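Comments concern the structure below.
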Amino acid sequence: MRFLITGGTGLVGKELTSILIAEDHEVGILTRSKRESKSKVNYFQWDIDQQEIEEQALEGVDCLIHLAGAGIADKRWSEKRKQEIIDSRVNPLKFLAAEFQRKGNFPAKIVSASAIGYYGFDTGDQLLSEVHKAGKDYISNVVVEWEKAVNAFAKTAASPAVKLRIGIVLDKNAGALPQLAMPVKLGVGSPLGDGEQWMSWIHVHDLAQMFYEAAMNKAMDGIFNAVAPNPEQNKTIVKELGKVLKRPIWVPNVPKIALKLLLQERAQLVLGGNKVSSVKIEDTGFTFKFKELSDALADIYS
Numbered sequence: 001m002r003f004l005i006t007g008g009t010g011l012v013g014k015e016l017t018s019i020l021i022a023e024d025h026e027v028g029i030l031t032r033s034k035r036e037s038k039s040k041v042n043y044f045q046w047d048i049d050q051q052e053i054e055e056q057a058l059e060g061v062d063c064l065i066h067l068a069g070a071g072i073a074d075k076r077w078s079e080k081r082k083q084e085i086i087d088s089r090v091n092p093l094k095f096l097a098a099e100f101q102r103k104g105n106f107p108a109k110i111v112s113a114s115a116i117g118y119y120g121f122d123t124g125d126q127l128l129s130e131v132h133k134a135g136k137d138y139i140s141n142v143v144v145e146w147e148k149a150v151n152a153f154a155k156t157a158a159s160p161a162v163k164l165r166i167g168i169v170l171d172k173n174a175g176a177l178p179q180l181a182m183p184v185k186l187g188v189g190s191p192l193g194d195g196e197q198w199m200s201w202i203h204v205h206d207l208a209q210m211f212y213e214a215a216m217n218k219a220m221d222g223i224f225n226a227v228a229p230n231p232e233q234n235k236t237i238v239k240e241l242g243k244v245l246k247r248p249i250w251v252p253n254v255p256k257i258a259l260k261l262l263l264q265e266r267a268q269l270v271l272g273g274n275k276v277s278s279v280k281i282e283d284t285g286f287t288f289k290f291k292e293l294s295d296a297l298a299d300i301y302s
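Per the numbering used here, the sequence shown runs over residues 1 to 302.
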């Protein structure tokens, strides 16, 4: 099969590309900067603002993987940045839908990233499944618009669309984990706020494998939570990091007020949380390699 990936040079894209190559598929990655192609991986330049894309990128695509999106936690949420976060997820799909339509051929399937932020800033101890309604905060709105764009692409293409609502992705060098681990490594690790907030996590390997199986499983369509079966509270994650990194966790919790002053509106990303169910994705036959947090962290820091 031939895959075309947006956001393919990021954390999940790199892991997924390795799986696709190992399974003998052809991979096309859309990138704004010129890169040298290699065996089974072709890099194609595109520029959404200029409405430009290399024609070869659109040829013979069996599955579109949509991973592109500006980092939610990277910068302060100015009004301009908030719009960039939405546009970077929605506009690529609008552009690609028009380009595939112009060429007269669409991918047979689209698999897109989404996020558990759909459910809202902080949903407490309630176990959330895919049928729960969207929250009413900014991040929820981002995800709603994101998923609408996926649905619009799928409708135009007359193709099934899988939307994976991703939790906190665990990887040693990217994503949220290095930020959580750094103070622990320095011996000043402590829970954030009251530490009671739920963190629905997933090992990057399992997430990449999930994208692959979603693409290959013809029966899969619709929304699936992309989280491991056993979510943990922030205080437990910090404690487990202390164990695997062999560092004490003794400093008092980081006060909520300090995080709000430091991060402003973005504080909701660390002070809120969701306890999210993985039952639906497991019912497809997907098997997690890392079901327990301790096993995931041991693998990452081995």
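For every residue, glycine included, the Cβ atom is placed at its ideal position computed from N, Cα and C. This structure is a prediction, so every number in the text was calculated from the model and none was measured.
Going by CA-CA distance only, name the one from R165, A154, A161, P160 that's closest to V142.
In terms of Cα proximity to V142, the closest of R165, A154, A161, P160 is R165.
Residue ranges of each alpha helix (DSSP H) run of no fewer than 4 residues wholly in the region 251 to 301, ordered along the chain?
Taking only runs of at least 4 residues, the alpha helix (DSSP H) segments lying wholly in the region 251 to 301 are 256 to 263, 268 to 271, 279 to 283, 293 to 300.
Evaluate G273 with the Cβ neighbour count: other Cβ atoms within 10 Å of its Cβ, from every protein chain shown; 16 or more gives buried, anything less gives exposed.
G273 should be labelled buried.
In terms of residue numbering, what span does the alpha helix (DSSP H) encompassing A22 cover?
Note, A22: alpha helix (DSSP H), 11 to 22.
For W146, does the count of other Cβ atoms within 10 angstroms reach 16, so buried, or fall short, so exposed?
Around the CB of W146, 16 or more other CB atoms lie within 10 Å, so the residue is classed as buried.
Could you say which of L11, I237, A214 lies nearest to K280 if we only look at CA atoms?
The option with the nearest alpha carbon to K280 is A214.
Does DSSP put W146 in a helix, a strand or coil?
Correct three-state label for W146: helix.
Beta-carbon proximity of I257 to A228, cut-off 7 Å
No, they are not a contact pair.
Determine the burial state of P107: buried for a count of at least 16 other Cβ atoms within 10 Å of its Cβ, exposed for fewer.
Buried is the call here.
What are the boundary residues of the beta strand (DSSP E) that includes Q45?
Q45 -> beta strand (DSSP E) spans 41 to 47.
Cα-Cα separation, D283 to F224
Going by the C-alpha atoms only, they are around 10 Å apart.
Exposed or buried, what is Q126 when buried is set at 16 or more other beta-carbons lying within 10 Å of its beta-carbon?
By the beta-carbon neighbour count (other beta carbons within 10 angstroms, threshold 16), Q126 is exposed.
Pull the bridge partners of V169 from the DSSP assignment, please.
Per DSSP, the beta-bridge partners of V169 are I202.
DSSP puts S114 in a beta bridge; with which residues?
Here S114 is bridged, per DSSP, to R165.
Buried or exposed for A98, going by 16 or more other Cβ atoms inside 10 Å?
If you draw a 10 Å sphere on the C-beta of A98, you find fewer than 16 other C-beta atoms in it, and that means exposed.
As assigned by DSSP and simplified to three states, the class of L186
Note: L186 maps to coil in three-state DSSP.
For A68 and S88, which I take to be in contact (beta-carbon distance under 8 Å), what is that distance rounded to the nearest angstrom?
Going by Cβ atoms, the distance from A68 to S88 rounds to 6 Å, so yes, they are a contact pair.
Beta carbon of I249: closer than 6 Å to some heavy atom of the ligand ZN?
Ligands displayed in this structure: none; no statement on the ligand ZN is therefore possible.
For E52, which of helix, strand or coil comes out of DSSP?
Looking at E52 - three-state DSSP - the assignment turns out to be strand.
Once you ignore the five residues that flank Y212 on each side, which residues in its own chain have a CB closer than 6 Å to its CB?
Within the same chain, Y212 has close Cβ partners I19.
So F121 is in the beta strand (DSSP E); what residue range does that whole segment cover?
In this chain, F121 is not harboured by any beta strand (DSSP E), its DSSP state being neither H nor E.
Determine, using beta carbons only, whether K163 and S112 come nearer to each other than 7 Å.
It is a contact, given that the beta carbons lie within the stated cut-off.
Residues of its chain near K289, where Cβ-Cβ distance is below 8 Å and the 5 sequence neighbours each way are ignored
Only H203, H205, D206, Q209 meet the Cβ criterion.
Ordered along the chain, which non-local residues of its own chain (more than five positions away) have a Cβ less than 6 Å from that of E52?
Correct list: empty, nothing qualifies.
Under three-state DSSP, which class holds V27?
V27 falls in the strand class under three-state DSSP.
For P92, is the classification buried or exposed, using 16 other Cβ atoms within 10 angstroms of its Cβ as the cut-off for buried?
P92 should be labelled buried.
Contacting residues, own chain, Cβ-Cβ under 6 Å from H66 (five flanking each side not counted):
The beta carbon of H66 lies closer than 6 Å to those of T6, S112 in the same chain, with the five residues before and after it left out.
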